[in-house]
Every structure is written in C-alpha cells, then in structure tokens.
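For the sequence shown, the working numbering assigns the number 494 to the initial residue and increments by one for each residue that follows.
Glycine included, C-beta positions come from ideal geometry on N, C-alpha and C.
Just so you know, these numbers come straight off a predicted model, no measurement behind them.
To start, the structure under review is shown below, and the notes come after it.
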Amino acid sequence: MKRRTERIVLTAVVATGVSSVVTQLYTIREFLSQFQGNEIVIALFLFNWLIIGAMGTYTAHGVARHIAPARLTGLVAVLLALAVLPTIQLLTIRLLRTSLFIPGVSVGFYHVLLFSFLTMAPYALLVGFALPYSLFILRLARPDYPGNRIYITDNFGDVCGGALFSFVLVSYCAPFTALAIANGLLVLCALAVCHIAGISRKVYVPVSVVIIFILGAGTLVESWTPGAGRGKLVHTTESPYGRLQVYRQHDQYALFSDGMPQFSSHDPISAEESSHYPLSQLRRIDQVLLISGVGGILTQVRKHQPKGIDYVELDPEAAITQIAYGFLTPVNTLEVIYADARAYLNRTDKRYDAVIMNLPEPVTFRINRFYTSGFFRLVKSRLSSNGVFSFSFSGFDNYLGEHHRQKISSIYNSLAPHFQHVLLLPGEKIYFLCSNAPVSSQIPDLLAKKNVGTEYIDAYFSGNLTPERISSLNQSIDPGTPENLDLSPYLMTLMFSQWFDKYDMSPTVFIAVLCLLCLVYLSRLRPETFVLFATGWVTMGNEILVIFAFQLFFGYIYLQIGLIITVFLAGLLPGALYGGRIKHRHPFWLKITDGAICFLMVFFMVFILPAADRLPVSVYLAYGFCVSIVCGFQFPLALSIGGGGNSAVAHSFSADLMGAAIGTLITSVIMIPLFGIQPTAMVLVGFKLISLGTIHIFAGD
C-alpha cells in the first residue's frame, strides 16, 4: 500500500510539473500578446511567479505544522484546484486587460507588475504549495523520505511539460485546448488519489465533472479575444510567432500582431513615402527588398518597374493574412521569403538596389535589433554600389523633444560609420535615406524625370517638406549620442526611460524596498541556503540573458521561449541526480560548482557574445543546459548539508525561488536596459564569486 501511495503521489508531482510549465508558457505568451510583445513583461511575470511560488512553499510548511497535517484529501483539493485555475487565469487576463486598460495603449511598469501578480497569484501560490506538501505526505509513512527525490520528480515533470509545449502544443493546439490537455492529467491523478484515500465517489465524481466541463468550456471561447483594434474583429489566429488579429471599420481593415498595429488597408501616404523616397534616388532598379510593408506599397513600388521584389516575412500565417485581406496585392515579380529578415540577410549573397524597411519603432528588443549598428552594417553589405536603404521613425509637428532627438541621433550615429550619405526627411514620419551615393531631397523632381506619378507627394511634398525644415532636422543631430549597439542597446535605455516618464513613475522606490527586504532575508539565511539563493539568482539571470540575447539576434522569442525554458529545466535533472549520489557531501563540492558556473559565464562573455549573430541557436541552448546542470548539482548538496528535514526542505526551496525571483527582476529591469548584456554577465559572475567566498569561509569554519 505504501509503495502504491508513493507511486501515485509521485505521478501527481510529475503531472503538476507538466501543468505548471505549460500554464507558465501559455501565460507568458498571453502577456506578450496583450502587452505589445514587451520583453520586460516576461521578466515581471517570472518575478511574480517565482516570488509567489516561494510564498507557497513557506505556506505549505506552516499549514502542515500549525493548521492541519498533510493528508491525501488535502492533496486531492490541491490537484483539482490546479487543474481548473489555468483556464480561469487565462480568461481573466483576456477580460481584465481590455476592461482595466485602454486597448492598444502601453501600460505602466507598476500596472503590469500588479496586474500580473493578481491574475496569477492563486495558481502560482498553489504550485509552490504542492511540491513540499507532497513530500510531507510521503514522510507520514517514511520520515526519512529524501527531499531530493521530490525535486528530481518535479523537474522531470517540468521537462516533460516544456517538451510537450515546444514540440506539440504550440504548433498544433490553441491555448485553451492545450491547457485542457495538460491539466486533464491532474484530474486523473486526483481521481487516483481519491481511490487510495477512500473518498466517496459521490464527492469526487461530481467535482471532477464540473472541472472537466470548465476545461471544455475554455475551448469553446478560444477565438474570443478582446483586442487592441477599433471596429469589428473579423479574424484572429494563433501562429507560433504571435497572435494575429484583423479588425474592420467601415470599409477599411487593420492588422495587429501581439496588440501592435502592423498594416492598414488604406494608408496611401505611407505607401507613397516609404516607396518613392528611396526609389526616386535610383535611375535603374533590378532588385528591391521589402522588410515588412504598408498597405498598397507593392502598387507603388511597381511604378519603378523593378525586375524583382523580395518580401521577407517571418510568419507564413501573417503573409497569408496580409494577402487575404488586401494589405498586400500579389504581383508577378513578387517573391515572399519566409524568414527572419536579419537571418536572411546574413545567409544570402544577393545584392539589392534598394532595401525598404517598414517596421514599428524599437519599443522592444525584438524590433530594436533592426536599428543597431550591426544590422546597418549587414544591410550595407547586401546593397549594390549605389544602393539605397530606407526606413522611417515617428515624426514631430513643430518641436523636436529631447527624448526624440536623442533617439534620432543614436540611429543617425549608428548609420554614419556605414553610409557616406544619410538624409533625414521630416513629416508625420521621419524618413532615413542612406546610401554611398549622394542623396537628394528633391523627390518630386526626381519622380518627374522617371515619369512616376503620385497623388500625395506631387501635391503636398514641396509645401510640407521645406528646405528649412529638412535642414533644421538634419542639423539637430547630436554627434555625442551613443550608437545603438547589439550588446549595448542605447535605444532601449531611452525607450525604458521614456516609458517611466510617460507615467510619471520610477522603479527606484520599488527596487530600493525590494533590496532592503532582500538584505533582511539574506541575514537570516545559513551559508548553504545562501548558495542556493545565489544559484537561483544566477540561473534565472542567465536564463534572462539568453532570452534577451536570443531576442536581440534571432527575434522570435514568442516561438522559442518554451524551448529556452525547457532546456534550462532539463539540465537541472541530471545535475540533481548526480549531486544526490555524492557520498561525501562536503561544502568543497559547492565551491567546485560555484567555480564552474563562473567559468561558464566567462566563456559566454568571451566566446559566445562576440560571435552572437553568427552562431546557431543550438549554441545558446547548449550553454543554458550546461549552466543548469551545475546549478542542479548544488541543490541536493545544500539540502543535505542543511539537514534534510521538513524545515530544511521548505527553506531550500524558498531560497532557490527567492533568489531566482530577485535575479530575474534586477537582471531584466535594471542591468540589461541600462548597461547591456556583457556588463550584466559580469555582475552575475561577481555575485557568484561572493557566494564562492561565503562557502570558502563556511568550509573553513
């Protein structure tokens, strides 16, 4: 009977791991969709998830010790609650996002922090509660039951959940269907626990039926997604790269991706400006590359009679939607290339006479990677000798604000080393025209010589873009503004600062209070649990580094977030298994593993980052796997050194989660936006060296 109970409880732990990771990943994707793909949202979500999870582990120890002993009936209640909460959580996020905040408008730091905390708190608290509670149940029959075995079992479930998400659910299932599949396992486990606990069928069968009904009901509202656009939602789809929505207002359509406007079916001004400004500079045009587009741009480009037009679009579903709703009109010379634009330019040998980029402002790291000096150098290498590169930025009316001037100056200074001539044209949008050949601002005259007719440019260009306005804009550039680099994204620092200024708030007070509480918490830790705190900090810091670096160089984190998190989880499993087999669990092993973590991070800084965009994805994943192996190795060692009792288990789990939570927030909200990738990695190495010194002193004592 004891063996059977153990098997069923461990199976429930695995099912909880599967559910927690699948729920976590779909919630992250939901937040990315609802908050315009802002990567900071990932960090705030993970911070809340981990901090609430740590609270859950403490709660489990307190409940089992002071309120009610751990029992199988309590585990049934936990499993059934965990099964139903993810569906309710996702529905709540979708409903409250548009009810509490203006659709399509960015949301402030504290609003996102509080919103994510409240919407995920019930589920995350129960996930943190379930793991030690399951261990306490097993220790009722066997008081010396090893805590490391629960840790390994949970990690196995996490890895299974990550693999299920990355290789099956994300490609073949919509979110609510995926949640029903993953959490249906918890219902089955709850029924098995009910059977061995002797709970009456009259109690658990009706409850299970209600929960299954809720899971099924979630799949019926799959396409119901309150969105950011105005008008009637006529199309919505979940692709591996994001959520696409099409809205109709009167006879016009608008396409949104992750809540950000991408296309409008009626935008003749942008279509003319984005195409004719650069193409008017060229007498003869063979090949044109479009990186994204605007409605009607292909019609305007065809007026210049290019031999070929390549249109790069990462998401095939997005291209299909653009053509289906008339955002793009197919032409004979058009070739659609399904690839990331930066990756495509890295691998192609083709030369283009014009590269026209129509991307939003770099408010996320995903978009910022197309506004860096490294990307501009790459574009230059794929242009013909007199080729033109063009893109736009938000414009201004009469006064150029300092934040805006700094952003434009940073972009200009990033372009200047690669192009001999850079001209800025003001208007509703500021257009950058870049070439090694002279660039003229007399656009109407150039178009007249080519016999290219337009509606807006012919009628309004000369009146709106006077020589004085053009000269004033180009002279406003500050040559001292830092370049926007891949590993030091200055534009993101400006965007981050502007984000807080917009809402008249700062994270300083929150971070200061958090650091004070952290110091109080650290003062109460034993040396071995401090190592776990530092390891949790550095592990999540590394995970955030890889997520941000991946977003910087590859750009499709919406698809790969599950794989990255799965790889970091997968390394913990063999590490914990091997660490649990060490017979002489001396602090010496903690020093060895701390040194190994420092070595891996130095390797990351010296060998991986300098060649970042030339390395395959597998290198980043292999690095994350190696770091997590070493971190997983430390947990059973520290747990054993701490005594291994129920109190030690709760404190060890909590220290690991607390360190991970603080590391996530500090790394993503302060270090990377303000200092860049490499300095952040150096700080993480320094923190692990402090941990190493602490263990050295502890071992000496």
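N- and C-terminal bounds of the beta strand (DSSP E) containing residue i
i: Pro-754; result: 753 to 757
i: Ile-778; result: First-last for Ile-778: undefined, no H or E at that position.
i: Met-850; result: 845 to 850
i: Cys-927; result: 922 to 928
Limits of the unbroken alpha helix (DSSP H) element including residue i
i: Ala-563; result: Taken as a continuous stretch (DSSP letters only), Ala-563 belongs to no alpha helix (DSSP H), as it is neither H nor E.
i: Leu-939; result: 936 to 942
i: Ser-907; result: 895 to 908
i: Arg-840; result: 834 to 840
i: Arg-962; result: 960 to 968
i: Tyr-697; result: 694 to 713
i: Asn-641; result: 640 to 657
i: Ala-1089; result: 1080 to 1096
i: Ile-501; result: 495 to 527
i: Leu-1108; result: Note, Leu-1108: premise wrong, no alpha helix (DSSP H); not H, not E.
i: Phe-1168; result: 1165 to 1168
Three-state secondary structure (DSSP) of residue i
i: Thr-729; result: strand
i: Gln-610; result: Note on identity: in this sequence residue 610 is Phe, with Gln being the wrong assignment. In the structure shown, Phe-610 sits in a helix (DSSP, three-state: H, G or I).
i: Phe-1126; result: helix
i: His-914; result: strand
i: Met-998; result: coil
i: Phe-889; result: coil
i: Asp-951; result: helix
i: Phe-882; result: strand
i: Gln-745; result: strand
i: Arg-587; result: helix
i: Arg-870; result: helix
i: Thr-1187; result: helix
i: Leu-876; result: strand
i: Leu-572; result: helix
i: Glu-532; result: helix
i: Gly-1035; result: Contrary to the premise, residue 1035 reads as Asn rather than Gly in this sequence. Correct three-state label for Asn-1035: helix.
i: Glu-765; result: helix
i: Ala-667; result: coil
i: Val-577; result: helix
i: Leu-631; result: helix
i: Gly-946; result: coil
i: Leu-593; result: helix
i: His-797; result: coil
i: Asp-808; result: coil
i: Phe-820; result: coil
i: Tyr-551; result: helix
i: Ile-1147; result: The question names Ile, yet the displayed sequence has Ser at residue 1147. Three-state result, Ser-1147: helix.
i: Phe-863; result: coil
i: Phe-1047; result: coil
i: Leu-543; result: helix
i: Asn-977; result: coil
i: Asp-637; result: coil
i: Ser-1133; result: helix
i: Ser-599; result: coil
i: Leu-1177; result: helix
i: Leu-1018; result: coil
i: Val-856; result: coil
Whether residue i touches residue j by CB criterion (9 Å)
i: Gly-1152; j: Phe-1061; result: no
i: Lys-725; j: Gln-745; result: no
i: Thr-498; j: Gly-650; result: no
i: Ala-683; j: Tyr-697; result: yes
i: Thr-986; j: Ala-536; result: no
i: Val-781; j: Ala-832; result: no
i: Phe-925; j: Ser-883; result: yes
i: Leu-1007; j: Leu-958; result: no
i: Gly-1198; j: Trp-1082; result: Beyond the ends of the chain as shown, which are 494 and 1194, falls residue 1198; an answer cannot be given.
i: Lys-800; j: Val-945; result: no
i: Ile-1190; j: Pro-1020; result: yes
Presumed contact (8 Å Cβ cut-off) between residue i and residue j, rounded CB distance
i: Ile-630; j: Ala-563; result: 5 Å
i: Arg-835; j: Leu-876; result: Incorrect: roughly 15 Å between the Cβ atoms, too far for contact.
i: Ala-617; j: Gly-546; result: 6 Å
i: Ile-1057; j: Ile-1040; result: 6 Å
i: Gly-1068; j: Gly-1156; result: Not a contact, Cβ separation roughly 18 Å.
i: Phe-896; j: Gln-991; result: Note that residue 896 corresponds to His in the displayed sequence, not to Phe. Right, their Cβ atoms sit about 5 Å apart.
For residue i, the residue or residues it bridges with in DSSP
i: Asp-803; result: Leu-782 and Glu-828
i: Cys-682; result: DSSP lists no partner for Cys-682.
i: Arg-736; result: Glu-731
i: Ser-750; result: Leu-737 and Met-753
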